[in-house]
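Just so you know, we're using the UniProt record's numbering here: the sequence shown kicks off at 1 and counts up by one. Data first, discussion second: the structure below is written as structure tokens.
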Amino acid sequence: MTTLIERPHEKYGSIMLAKNGTIAESTSKSDENNIEVLTTELRGVTIISVYKPPPIPMDMPEIPSSGKPKIVIGDFNSHSTQSGYTNNNADGDAVETWAENSQLNLIHNAKQPKSFNSGR
């Protein structure tokens, strides 16, 4: 595996890995509104990783348009009926609105077990 981009943090952090030989055309990272966003441009597709810490309100920065198809992978720490919860919380509503405004489809398999891995 090779590291494409990472954002270290004392409590949490993000990293984007790819198989050896994968070449990123460009990478960028931001933590606007305390939400981590890692972006990697590959040939033909943009991969975006989002992490919103639990205590931070959902105020998602705008996703820049590169003209390429986008895949957004995220831990939004929110409740949404679209992801199998019985009701939405404020962050869940915000994620749904953000996805709709960004012309993204939310995909989640509620039958998959939740995952949590911590080095702490």
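Where is the CB? At the ideal position from N, CA and C, for every residue including glycine.
In three-state DSSP terms, what is residue i?
i	result
Ala24	coil
Thr97	helix
Ser49	strand
Asp75	strand
Ser80	coil
Asp59	coil
Kindly give me the distance between the Cβ atoms of residue i and residue j, rounded to whole angstroms, as I take these residues to be in contact under 8 Å.
i	j	result
Ile48	Val72	5 Å
Pro64	Glu32	About 12 Å separates the two Cβ atoms, so there is no contact after all.
Ser80	Gly92	4 Å
His108	Gly84	7 Å
Would residue i and residue j qualify as a contact pair, given that the criterion is a beta-carbon distance under 8 Å?
i	j	result
Glu96	Gln112	no
Val45	Lys68	yes
Asn20	Thr3	no
Glu41	Ser66	yes
Asn87	Pro54	no
Leu38	Met58	no
residue 153	Ile5	The requested residue 153 is not part of the displayed model; the chain covers only 1 to 120.
Cβ-heavy atom distance between residue i and the ligand NAP below 7 Å?
i	result
Gly67	In the structure on display, the ligand NAP does not appear, and there are no ligands present to speak of.
If you measure from the beta carbon of residue i to each beta carbon in chain C, is any gap under 8 Å?
i	result
Thr97	Here chain C cannot be found, since the structure has a single protein chain.
Under the DSSP definition of a beta bridge, which residues are partnered with residue i?
i	result
Ala18	Thr2
Glu36	Tyr51
Arg7	Ser14
Ser30	Val37
Lys70	Thr46
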